[in-house]
Amino acid sequence: MEPFPHFYTVAGSLDGDEVQLSSAGLPDISSAAPTEFDGPGTHWSPETLLTGAIADCFLLSFKVIAAASRFDYGSVTCAVTARLERIDRVTAFTAVVISPCLTIGDAELRERALRLLQKAEENCLITNSLKATVSFE
26 MEPFPHFYTV
36 AGSLDGDEVQ
46 LSSAGLPDIS
56 SAAPTEFDGP
66 GTHWSPETLL
76 TGAIADCFLL
86 SFKVIAAASR
96 FDYGSVTCAV
106 TARLERIDRV
116 TAFTAVVISP
126 CLTIGDAELR
136 ERALRLLQKA
146 EENCLITNSL
156 KATVSFE
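Residue numbers (our numbering): 26 to 162.
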């Protein structure tokens with residue numbers, strides 16, 4: 026791993042109702058407002074991108090933690106629900122629920138698996154950067 030700080034640069038350009046996002050060496054992404062904000066609902070939106078970043082970060086954190094712990098597992102998935110609210114004239118994410126599903130070959134490893142999942146949630150840099158309350162199912 027490279028020493029901190031790390032810097033990430035994304036450029037955005039508005040093309041009609043779509044935002045084109047680009048970053049060096051990566052495929053471009055089209056984004057648009059979600060249906061809740063009168064958008065088409067056919068593109069990733071800032072809201073779904075952030076929610077997806079939480080799932081992505083959680084899963085990658087788990088992968089690293091499981092490898093460092095020499096923990097073998099069958100598969101791991103993660104659903105994330107983020108609640109967006111308007112409170113005191115400020116729109117913000119107020120709550121995030123992370124719901125992972127981990128398959129393991131040995132039921133005796135369940136407690137260890139749960140500890141590793143919890144550790145992944147605690148070490149997710151995206152949720153650690155949010156003001157929203159984060160819960161784990």
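Beta carbons: idealized from backbone N, C-alpha and C, even for Gly.
For the stretch 49-119, the full-length alpha helix (DSSP H) segments reaching 4 residues or more read 71-93 along the chain.
Distance between D131 and V121, taken at the CA atoms: about 30 Å. Taking a C-beta distance under 8 Å as the contact criterion, L127 and V101 qualify as a contact pair.
Sequence-distant Cβ neighbours of G37 in its own chain, meaning closer than 6 Å and more than five residues away, are V44, L46.
In the structure shown, A36 falls within a strand segment according to DSSP collapsed to helix, strand and coil. By the neighbour-count criterion, in which a residue is buried when 16 or more other Cβ atoms sit within 10 angstroms of its Cβ, L39 is exposed. Rounded to whole angstroms, M26 and E61 show a C-alpha spacing of 39 Å. Here L84 has V101, C103 as same chain residues with Cβ atoms under 7 Å from its own Cβ, once five neighbours each way along the sequence are excluded.
One thing to note: P71 has its Cβ within 8 Å of the Cβ of S56. Shortest Cα-Cα distance from I123 to any of E136, E162, K144, D113 involves E162.
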